[in-house]
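Heads up: the structure comes next, in structure tokens.
2 protein chains.
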Amino acid sequence: MTTTDQAGIAALPMPDLSRTFPGPFPTSPHAEDIQAHLGQWLDRFPLLSRPEARHILCDIVAHGVARTFPTAEADGLFLCADLFLWLTAFDDTYGEAAAAGSPARLARRIQGCVHLLGGGEVPGDAGAFDEALHDLLVRLRTRATAAQYLRITGCLRDALFGILWEAHQLADPGHVSMQDYRMMRPHTVLVRTLIAATEVVLRYELPEEARRSRAVQQLEAAVADLAGVLNDLGSYARESAKGVPDSLNLISLLTRDQHCDIPTAYAAASRLGEEHATTARRGIHALAAGDSAVLAQHARALESIACSYVWHIGHARYKAV
Amino acid sequence: MTTTDQAGIAALPMPDLSRTFPGPFPTSPHAEDIQAHLGQWLDRFPLLSRPEARHILCDIVAHGVARTFPTAEADGLFLCADLFLWLTAFDDTYGEAAAAGSPARLARRIQGCVHLLGGGEVPGDAGAFDEALHDLLVRLRTRATAAQYLRITGCLRDALFGILWEAHQLADPGHVSMQDYRMMRPHTVLVRTLIAATEVVLRYELPEEARRSRAVQQLEAAVADLAGVLNDLGSYARESAKGVPDSLNLISLLTRDQHCDIPTAYAAASRLGEEHATTARRGIHALAAGDSAVLAQHARALESIACSYVWHIGHARYKAV
Ligand SMILES: [Mg+2]
Ligand SMILES: [Mg+2]
Ligand SMILES: [Mg+2]
Ligand SMILES: [Mg+2]
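Chains as they are written, first to last, in the working numbering: chain V, 3 to 323; chain H, 3 to 323.
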């Protein structure tokens with residue numbers, strides 16, 4: 003493990019991924035175009051009012067998506083970046099601490115999104131988040147097959163439910179078991195949505211039988227678990243520095259369940275991250291070495307997704323205190 | 003309009019559907035087999051403990067599904083009946099009044115279902131509702147195409163979100179606008195799930211372009227709205243007789259928004275139901291008279307769905323006071 007030294011959290015161990023996902027990670031030549039596009043999209047749909055929040059979010063989303071899909075063409079990158087900007091802005095605006103005070107209000111906010119996801123029309127009094135979601139769904143439907151569209155909109159529902167679930171449990175995390183937390187984490191860290199978006203961005207379609215295979219399921223689960231642990235390690239430092247955690251976090255749950263201090267929990271979480279990274283790397287090798295071209299493509303896509311999560315916790319968003 | 007005379011609610015006007023959906027409605031020769039199957043399924047997955055609740059729910063689901071799909075073969079009927087039994091039992095057990103006291107607990111309960119709907123494995127400590135849902139999803143996946151499976155699991159997510167949304171708003175319905183209510187109602191009355199299940203039960207597949215056509219969308223919306231109004235008219239009498247409404251209801255919202263008494267609101271809701279029925283009937287005629295065989299089949303399926311909702315509010319479940 004390596005150590006980090008962020009404000010308020012002294013020298014905590016981060017996972018050592020130098021053999022599994024060593025970096026530097028390839029990035030798309032369209033990175034700057036993505037960022038410019040995001041700025042224009044936010045001019046059309048003003049999801050964020052604070053200029054600083056807007057700048058930092060556009061930056062992490064543009065460069066994150068550029069690392070997730072280094073070989074994709076611009077239109078797919080723009081669509082995926084807008085989707086992630088929307089989800090993150092929604093969570094930052096309506097989720098976490100803002101929602102914990104009134105989950106009923108958050109449920110009403112999400113209801114408008116559920117209506118659109120179910121194929122409903124934009125209501126007369128729609129706000130920027132509804133208009134932007136409608137724009138995303140129209141573009142997604144144009145680019146995706148029926149099954150791909152339904153798979154992504156299923157993940158979006160799960161991500162929105164995850165935000166609501168988190169808002170509820172934040173006030174009283176004592177009821178959340180470690181198993182529950184690990185079940186929900188892939189949704190709240192948005193990695194399931196990213197995995198579902200991959201085929202649409204890179205324009206391939208996994209046969210259903212391959213998708214249901216143990217090899218693919220286990221690899222996707224390892225990448226999803228890795229993403230959650232990494233985000234938790236990054237978020238904990240950021241949120242602890244602010245004083246109160248804004249979200250449920252693996253570190254706090256580990257200190258509770260193992261009656262240990264924060265550095266010990268950090269070390270345990272880092273080891274868990276290393277284990278997920280090893281499983282993911284092994285799964286990528288196995289799929290990429292097989293004789294199915296589409297499975298090899300899926301393996302490379304999952305590798306890039308893992309890399310983008312390794313990359314993202316080094317971003318300034320996770321240093322913003 | 004006709005009038006009804008149920009305990010506690012004197013002579014309230016019900017919609018006159020004698021020209022749009024006159025009945026008697028055709029029913030499947032498998033009705034008794036469905037009811038026997040439901041009993042066996044509940045022996046495997048004990049979702050309901052009270053024998054009386056079990057009997058009345060099996061009866062309404064079996065005979066409702068038999069009227070929804072009078073021409074379907076047994077396996078499709080069994081699957082759809084199990085699905086509706088599961089949803090209704092889940093709502094009766096965890097939703098409505100039980101949930102209003104602790105939406106956070108309901109969110110944790112739903113989280114296990116979201117995990118399974120997203121393709122997760124059954125956890126070690128799974129209860130009867132999780133085991134039963136897993137059984138449903140396995141059978142659904144076997145029978146449905148990938149897109150059909152994803153469409154139904156999307157509707158199931160919306161139905162579960164609807165239960166959670168309702169639990170939140172029940173304590174303080176003043177924040178629920180009529181527009182919000184009408185957006186959510188197709189999900190809470192489960193009619194969207196039933197529409198999505200139709201193609202799987204009857205084994206046809208609507209081409210995407212037809213599904214997105216204005217004719218199909220408007221007909222589905224009219225049937226969905228009719229289902230909601232009918233259920234509200236039936237439920238209001240039942241719940242008022244119990245003293246406290248267990249769910250949000252069009253009648254209460256109308257008395258609030260139009261500052262009117264209950265008979266006036268009932269009359270307005272009944273007229274609304276008649277209007278939806280007229281729109282639905284017109285849409286069914288138009289699709290059935292066209293030259294597309296699959297659209298004509300879809301029109302007949304939607305007709306049967308409308309009939310099953312007309313039929314269901316006369317069932318003993320809506321007289322149980
Ligand atoms: Mg969050
Ligand atoms: Mg976080
Ligand atoms: Mg209900
Ligand atoms: Mg009702």
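Glycine residues also receive a C-beta, built at the ideal position from the N, C-alpha and C atoms.
- Query: In terms of residue numbering, what span does the alpha helix (DSSP H) encompassing R143 of chain H cover?
  - Reply: Counted from its first residue, the second sequence places residue 143 of chain H at position 141. Annotation for R143 of chain H: the continuous alpha helix (DSSP H) segment containing it runs 130–145.
- Message: Can you pull the chain A neighbours of Q113 of chain H, defined as C-beta to C-beta under 7 Å?
- Response: Of the protein chains in the structure, V and H, none is chain A.
### Message
Using only the alpha-carbon positions, how far apart do L304 of chain V and D293 of chain H sit?
### Response
Taking the first residue of the first sequence as 1, we reach residue 304 of chain V at position 302. Taking the first residue of the second sequence as 1, we reach residue 293 of chain H at position 291. Using only the alpha carbons, I get a separation of about 46 Å.
CB contact flag (H65 of chain H, A33 of chain H, <8 Å)
Numbered from 1 along the second sequence, position 63 holds the residue referred to as residue 65 of chain H. Numbered from 1 along the second sequence, position 31 holds the residue referred to as residue 33 of chain H. Cβ distance < 8 Å, so H65 of chain H and A33 of chain H count as in contact.
- prompt: Below 8 Å between beta carbons: does that hold for S311 of chain H and L232 of chain H?
  reply: One-based indexing of the second sequence puts residue 311 of chain H at position 309. One-based indexing of the second sequence puts residue 232 of chain H at position 230. It should be noted that the sequence gives Tyr, not Ser, for residue 311 of chain H. With respect to the 8 Å criterion, Y311 of chain H and L232 of chain H are classified as neighbours on the basis of their beta carbons.
message: With a threshold of 6 Å on Cβ separation, who are the neighbours of V202 of chain V within its own chain once the five nearest residues in sequence on each side are excluded?
response: Your numbering for residue 202 of chain V matches position 200 in the first sequence. In the same chain as V202 of chain V, and ignoring 5 residues on each side of it, the C-beta atoms closer than 6 Å to its own belong to R145, A146, Q150, in chain order.
Residue-chain proximity (R159 of chain V, chain H), Cβ-Cβ < 8 Å
To locate residue 159 of chain V, count along the first sequence from 1; it is residue 157. Closer than 8 Å: yes.
Exercise. May I ask you to list, following chain order, the residues of the stretch 295–309 of chain V that have a beta carbon less than 9 Å from some beta carbon of chain H?
Key: Taking 9 Å as the Cβ-Cβ cut-off, the stretch 295–309 of chain V has no residue approaching chain H.
Residue-level contact to chain V via CB, P15 of chain H, 8 Å cutoff
Position 13 of the second sequence holds residue 15 of chain H. Answer no: the Cβ-Cβ gap between P15 of chain H and chain V never drops below 8 Å.
Chain-order list of residues whose beta-carbon lies under 6 Å from that of A267 of chain V (same chain, five-residue window excluded):
Taking the first sequence and counting its residues from 1, the one referred to as residue 267 of chain V is at position 265. Correct list, in chain order: I253, L256, T257.
Name the two residues that bound the continuous alpha helix (DSSP H) containing S20 of chain H.
Along the second sequence, one-based indexing puts residue 20 of chain H at 18. Element bounds for S20 of chain H: n/a, residue is neither H nor E.
Would a check of beta-carbon distances place Q171 of chain V closer than 8 Å to chain H? Residue numbering aside, residue 171 of chain V sits at position 169 when the first sequence is read from its first letter. Yes, because at least one Cβ of chain H sits closer than 8 Å to the Cβ of Q171 of chain V.
### Query
Helix, strand or coil: which one does DSSP assign to D227 of chain V?
As a first step, residue 227 of chain V must be located in the first sequence, where it is residue number 225. It is helical.
* Compile a chain-ordered list of the residues in the stretch 113–142 of chain V whose CB is closer than 7 Å to at least one CB of chain H. => Listed in sequence order: Q113, V116, H117, G120, G122, P125.
Q: Grab me the residues of A130 of chain H's own chain with a C-beta within less than 6 Å of its C-beta, minus the 5 sequence neighbours each way, in chain order.
A: As a first step, residue 130 of chain H is located in the second sequence; it is residue number 128 there, counting from the start. Result list for A130 of chain H: F47, P48, L49, in chain order.
Which same chain residues end up closer than 7 Å to R141 of chain V when comparing Cβ atoms and leaving out the 5 residues on each side of it in sequence? The residue given as residue 141 of chain V occupies position 139 in the first sequence. Cβ within range, chain order: L81.
Quiz prompt | Proximal residues to A198 of chain V (C-beta, below 8 Å), its chain only, five neighbours per side dropped | solution = Stepping through the first sequence from its first residue, residue 198 of chain V is reached at position 196. Cβ neighbours of A198 of chain V beyond the five flanking positions: Q150, R153, I154, G156, C157.
Mind checking which residues open and close the alpha helix (DSSP H) that includes Y268 of chain H?
-> Start at 1 with the first residue of the second sequence, and residue 268 of chain H comes out as number 266. Start and end: 264–291.
Chain-ordered neighbours of R153 of chain H on chain V, where CB pairs are closer than 8 Å | Locating residue 153 of chain H in the second sequence gives position 151, counting from the first residue. The contacting residues are L152.
query = Do A17 of chain H and G230 of chain H have their C-beta atoms within less than 8 Å of each other?
reply = Translated into positions along the second sequence, residue 17 of chain H becomes position 15. Translated into positions along the second sequence, residue 230 of chain H becomes position 228. The amino acid at residue 17 of chain H is misidentified as Ala; the sequence shows Pro. Going by C-beta atoms, P17 of chain H is not nearer than 8 Å to G230 of chain H.
ask   = Which residues, in chain order, does the stretch 206–217 of chain V contribute to contact with chain H at a C-beta distance below 9 Å?
value = Closer than 9 Å at the C-beta level to chain H, one finds these residues of the stretch 206–217 of chain V: E210, R213, R214.
- Message: Taking beta-carbon pairs under 8 Å, can you tell me which members of the stretch 95–108 of chain V lie near chain H?
- Response: For the stretch 95–108 of chain V, which is checked against every Cβ of chain H, the residues closer than 8 Å are P105, A106, R107.
Problem - H177 of chain H - DSSP class collapsed to helix/strand/coil - result: The sequence position of residue 177 of chain H within the second sequence is 175, counting from 1. It is helical.
Quick check: what's the CA-CA separation for F23 of chain V versus Q260 of chain V? Counting from 1 along the first sequence, the entry for residue 23 of chain V is found at position 21. Counting from 1 along the first sequence, the entry for residue 260 of chain V is found at position 258. Distance between the alpha carbons of F23 of chain V and Q260 of chain V: 29 Å.
What is the rounded straight-line gap between the Cα of T6 of chain V and the Cα of A91 of chain V?
-> Within the first sequence, the letter at position 4 stands for residue 6 of chain V. Within the first sequence, the letter at position 89 stands for residue 91 of chain V. For T6 of chain V, the pLDDT reaches just 46, beneath the cut-off of 50, and the residue's location in the model is therefore unreliable, although a value from the coordinates is still provided. Straight-line spacing of the CA atoms in T6 of chain V and A91 of chain V works out to 27 Å.
| Residues of chain V with CB under 9 Å from F163 of chain H, in chain order? | Here residue 163 of chain H refers to the residue found at position 161 when the second sequence is read from its first residue. Residues of chain V passing the Cβ test: A109, I112, Q113, V116, R159, L162, F163, L166.
Requested in this report: Within the same chain, show all residues whose beta-carbon is closer than 8 Å to that of V218 of chain V, passing over the 5 residues directly before and after it, in chain order.
Outcome: Along the first sequence, one-based indexing puts residue 218 of chain V at 216. L208, A212, L289, L297, H300, listed in sequence order.
The stretch 186–195 of chain H / the stretch 130–139 of chain H touching (three or more Cβ pairs under 8 Å)
Taking 8 Å as the limit for Cβ pairs, the verdict is that the stretch 130–139 of chain H does not touch the stretch 186–195 of chain H.
Check your understanding: the stretch 226–237 of chain H: which residues have C-beta closer than 7 Å to a C-beta of chain V, in chain order?
Key -> Answer set for the stretch 226–237 of chain H: empty.
(Q) Once the 5 residues before and after I165 of chain V are set aside, which same chain residues still bring their CB inside 6 Å of it? (A) Position 163 of the first sequence, counting from 1, holds the residue named residue 165 of chain V. So the list reads D93, G97, once near-sequence residues are dropped.
Checklist entry - How many Å lie between A68 of chain H and R302 of chain H at the Cα? => result Stepping through the second sequence from its first residue, residue 68 of chain H is reached at position 66. Stepping through the second sequence from its first residue, residue 302 of chain H is reached at position 300. In this structure, the straight-line span from the alpha carbon of A68 of chain H to that of R302 of chain H is close to 15 Å.
Same chain, Cβ closer than 6 Å to A282 of chain H, neighbours up to 5 away in sequence not counted:
Position 280 of the second sequence holds residue 282 of chain H. A224, V225, L228, A308.
If distances are taken between C-alpha atoms only, which option among V:A76, V:S20, V:A169, V:S215 comes closest to L40 of chain V?
What you label residue 40 of chain V is simply residue 38 of the first sequence in a count that begins at 1. If you compare the alpha carbons of V:A76, V:S20, V:A169, V:S215 with that of L40 of chain V, the shortest gap goes to V:A76.
Next item on the list: Determine, using beta carbons only, whether P105 of chain H and H170 of chain V come nearer to each other than 8 Å.
Entry: Walking along the second sequence from the start, residue 105 of chain H turns up at place 103. Walking along the first sequence from the start, residue 170 of chain V turns up at place 168. It is a contact, given that the beta carbons lie within the stated cut-off.
| query | Excluding the five sequence neighbours on either side, which residues of its own chain have a C-beta within less than 8 Å of the C-beta of L204 of chain V, listed in chain order? | reply | Here the question's residue 204 of chain V lines up with position 202 in the first sequence. The beta carbon of L204 of chain V sits closer than 8 Å to those of F71, T73, A74, G78, Q299, A303, all from its chain and outside the five residues before and after it, given in chain order.
Quick one: is the Cβ of V312 of chain H within less than 7 Å of any heavy atom of ligand 5?
Ligand 5 is not among the ligands present in this structure, which contains only ligand 1, ligand 2, ligand 3 and ligand 4.
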